[in-house]
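Numbering (the numbering used here), first residue to last: 1 to 362. Ideal Cβ placement from N, Cα and C applies to all residues, glycine included. All values derive from a computational prediction rather than experimental measurement.
Here it is, written out as structure tokens:
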């Protein structure tokens with residue numbers, strides 16, 4: 001009778017309590033799926049060094065380590081080893097901790113008081129499969145981003161040439177004698193200007209997608225001041241009041257990306273305002289989940305049926321006015337907020353205004 005060889009699985013177990021180490025190692029030896037090769041460590045720093053020196057298939061990680069806190073531990077491992085499946089071990093079942101661990105990049109969550117060989121092996125198998133799927137999707141998304149960036153870049157130069165040619169033709173040809181030709185010329189110029197704007201935003205979108213987000217303290221008050229100053233140079237701010245009279249917090253993230261979030265939100269309020277004086281209020285509220293920042297305006301508002309769709313890429317709400325847009329700005333904004341581990345949504349009523357909420361987890 002032939003013997004079926006079990007696949008080898010190299011596991012790094014990071015656990016500071018010896019009795020828990022022994023229990024988990026016994027379950028690993030007794031499992032029916034893998035031939036396990038394991039290393040153990042009781043410290044985050046030592047484990048990080050081991051991962052740099054050796055190849056492992058799975059990391060079993062206790063979050064309560066002597067030299068690192070739960071959030072710092074998991075984030076450091078996922079940032080430095082993003083392709084490695086991580087299974088979190090804990091003696092305390094905290095629903096909030098479970099949710100956060102998954103958000104931070106863990107593939108599974110095991111209660112040390114409920115373990116056996118079958119549970120451990122199944123978790124390892126499924127975690128490896130899920131991580132392989134996620135890694136494959138990440139590679140496909142990266143290839144797609146590279147392709148879209150290349151296409152947008154290749155289109156940009158000839159599109160600028162067409163736009164210049166149309167403007168020159170518009171000056172040369174006597175359009176007063178031909179109403180149909182004048183309409184066609186205006187349509188051509190408007191269409192190429194829209195495409196130029198779209199290509200530019202796609203290139204910027206791709207740039208931010210590739211930029212690593214470094215967490216540094218960001219003072220929202222100074223960011224909002226800079227954003228408003230920049231917008232005033234390119235938009236009509238007559239009858240516009242930006243109210244930041246209340247103190248705003250310091251959040252962690254990329255200053256450039258966070259500035260883009262609030263630039264997009266305030267710019268949209270200015271672009272889609274009513275004819276009356278526009279008031280934009282930026283406020284902050286501390287909550288159990290972090291800092292909730294609101295950007296409220298008294299503009300024209302957004303119909304309920306559009307309030308989720310506006311965050312989709314290239315989605316534009318149809319209107320009868322001449323306010324242009326590419327449908328990228330709010331999708332871009334959502335991507336940045338989510339890359340910072342946050343959430344964004346809108347509450348709005350037609351004719352009364354909109355409030356965009358941005359939640360930064362701290």
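Are residue i and residue j touching if we call contact CB-CB under 8 Å?
{"i": "residue 128", "j": "residue 220", "result": "no"}
{"i": "residue 330", "j": "residue 264", "result": "yes"}
{"i": "residue 327", "j": "residue 316", "result": "yes"}
{"i": "residue 110", "j": "residue 123", "result": "yes"}
{"i": "residue 135", "j": "residue 83", "result": "yes"}
{"i": "residue 115", "j": "residue 11", "result": "no"}
{"i": "residue 85", "j": "residue 59", "result": "yes"}
{"i": "residue 74", "j": "residue 14", "result": "no"}
{"i": "residue 71", "j": "residue 44", "result": "no"}
{"i": "residue 357", "j": "residue 344", "result": "yes"}
{"i": "residue 239", "j": "residue 196", "result": "no"}
{"i": "residue 295", "j": "residue 244", "result": "no"}
{"i": "residue 192", "j": "residue 162", "result": "yes"}
{"i": "residue 143", "j": "residue 27", "result": "no"}
Out of the options, point me to the one whose CA is closest to residue i's CA.
{"i": "residue 338", "options": "194, 258 and 351", "result": "258"}
{"i": "residue 253", "options": "194, 341, 316 and 9", "result": "341"}
{"i": "residue 241", "options": "16, 281, 250 and 159", "result": "281"}
{"i": "residue 297", "options": "62, 196, 352 and 132", "result": "352"}
{"i": "residue 112", "options": "200, 276 and 17", "result": "17"}
{"i": "residue 63", "options": "334, 91 and 49", "result": "91"}
{"i": "residue 314", "options": "299, 307, 332 and 304", "result": "332"}
{"i": "residue 169", "options": "230, 216 and 186", "result": "186"}
{"i": "residue 69", "options": "93, 97 and 188", "result": "97"}
{"i": "residue 215", "options": "246, 188, 251 and 47", "result": "251"}
{"i": "residue 79", "options": "144, 48 and 54", "result": "48"}
{"i": "residue 131", "options": "145, 108 and 147", "result": "108"}
{"i": "residue 235", "options": "119, 272 and 40", "result": "272"}
{"i": "residue 20", "options": "140, 165, 42 and 5", "result": "42"}
Apart from the five residues just before and just after residue i, which ones in its own chain have a Cβ nearer than 6 Å to its Cβ?
{"i": "residue 121", "result": "31 and 33"}
{"i": "residue 155", "result": "199"}
{"i": "residue 9", "result": "34, 36 and 57"}
{"i": "residue 1", "result": "Residue confidence for residue 1 is low, a pLDDT of 44 falling below 50, so the modelled location carries little weight and cannot support an answer."}
{"i": "residue 81", "result": "51"}
{"i": "residue 61", "result": "14, 86 and 88"}
{"i": "residue 54", "result": "none"}
{"i": "residue 188", "result": "166"}
{"i": "residue 218", "result": "251, 253, 255 and 258"}
{"i": "residue 40", "result": "13 and 21"}
{"i": "residue 100", "result": "none"}
{"i": "residue 171", "result": "none"}
Report all residues from its chain with a CB closer than 8 Å to the CB of residue i; omit the five preceding and five following residues, and keep chain order.
{"i": "residue 227", "result": "259, 262, 263 and 266"}
{"i": "residue 310", "result": "302, 317, 330 and 346"}
{"i": "residue 269", "result": "278, 280, 295, 297, 299 and 354"}
{"i": "residue 182", "result": "175 and 176"}
{"i": "residue 291", "result": "249, 251, 284, 285, 359, 360 and 362"}
{"i": "residue 231", "result": "237, 263, 266, 267 and 270"}
{"i": "residue 141", "result": "none"}
{"i": "residue 173", "result": "181 and 185"}
Output needed for residue i: all residues of its chain with C-beta closer than 7 Å, excluding positions within five of it in sequence on either side, in chain order.
{"i": "residue 29", "result": "36"}
{"i": "residue 289", "result": "359 and 361"}
{"i": "residue 349", "result": "301"}
{"i": "residue 160", "result": "196"}
{"i": "residue 312", "result": "331"}
{"i": "residue 125", "result": "33"}
{"i": "residue 307", "result": "346 and 348"}
{"i": "residue 274", "result": "299 and 300"}
{"i": "residue 38", "result": "11, 13, 25 and 28"}
{"i": "residue 93", "result": "111"}
With respect to 7 Å, is the separation between the Cβ of residue i and the closest non-hydrogen atom of the ligand NAP below this value?
{"i": "residue 224", "result": "For the ligand NAP, the structure offers nothing, since it holds no ligand at all."}
Note to self: Which complete beta strand (DSSP E) runs does the segment 224–287 hold, if anything under 3 residues is left out?
What the structure shows: 240–243, 250–253 and 278–287
Margin query: For the pair the segment 96–107 and the segment 149–166, tell me if three or more CB-CB distances fall below 8 Å.
Written below: no
Next item on the list: Any chance you could list the alpha helix (DSSP H) runs of at least 4 consecutive residues sitting entirely within the segment 5–86, in chain order?
Entry: 18–30, 44–53 and 70–80
Next item on the list: At 3 residues or longer, and completely inside the segment 118–198: list those beta strand (DSSP E) runs for me, N to C.
Entry: none
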